[in-house]
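*Asks:*
Residue numbers (the working numbering): 4 to 263.
(1) Could you name the residues that DSSP lists as bridge partners for residue 58?
(2) Give a yes or no on whether the C-beta atoms belonging to residue 124 and residue 75 are separated by under 8 Å.
(3) If you compare alpha carbons, which of 113, 241, 146 is closest to residue 82?
(4) Taking the C-alpha atoms as reference points, what is the distance between residue 183 and residue 206?
(5) In angstroms, rounded to a whole number, what distance separates the CA positions of residue 116 and residue 110?
(6) Just how far apart, CA to CA, sit residue 139 and residue 185?
(7) Could you tell me the alpha carbon to alpha carbon distance between residue 80 and residue 263, rounded to whole angstroms?
(8) DSSP puts residue 224 in a beta bridge; with which residues?
(9) Quick check on this structure: which residue in 103, 73, 104 has the alpha carbon closest to the alpha carbon of residue 89?
(10) Near residue 247, which residues of its chain fall below 6 Å by C-beta distance, leaving aside the five closest residues on each side in sequence?
What follows is the structure, encoded as structure tokens:
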């Protein structure tokens, strides 16, 4: 019996385009280095493939600087996929670019039609429910529309709230297994993970919270040794990926793939 929250046979990624230097960012901490970003992206894809999964690698989209962050375009579930409606106007067109690939992978493809907005970076699927964080990119109407769709597939959705100043809900948390969540202390303190086993990122290492559990591996951004040690002691197999360039665009491990 597999656990669809972290055991996957396929993933979708997209190579970064030269236009990535114009990607959205909450704070300007430097221009991404495309060559270094591509090297890290190659490591990321190779790590996914090392688990035996098929990785669909899509070509860069120069018209959409943020298109490598494919997670925001869709939610992939066992019975179907849902196309999102991004809250950033410049990213709206990315969804139509992703749709044909998902249509080839799924028998049922639904979509958020609006007027609300929702992005995949605000959605955490656990073993018991789907948590959706309201944020600057995800509003109440978007959450409500998604709730109606996933209910048809037998899922329960619970709305929670992303801390002020944090781009996406999953900026501050990730799933380690069906019942274990890695989270920042500020998000954990909100009480949204009551009933789960929670592992906190080390103080000052909040950016380590955006990891992904992919089959037997946990992919986490490099440079957060105390959090990596905590995960190692909890008997997770950690692979550290250079996230220095994606971080300049508020991106992380989960943003870079759709997993199903």
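Think of the CB as a built atom: it goes at the ideal place given N, C-alpha and C, for glycine as much as any other residue.
These numbers were taken from a predicted model, which means no experiment stands behind them.
*Replies:* Let me lay it out:
(1) 14
(2) Yes.
(3) 113
(4) If you draw a straight line from the Cα of residue 183 to the Cα of residue 206, it comes to about 19 Å.
(5) One C-alpha to the other measures close to 19 Å.
(6) 22 Å
(7) Taken atom to atom, the span from the alpha-carbon of residue 80 to that of residue 263 is near 7 Å.
(8) Beta-bridge pairing links residue 224 to 244.
(9) If we check each option's Cα against that of residue 89, 73 comes out closest.
(10) none
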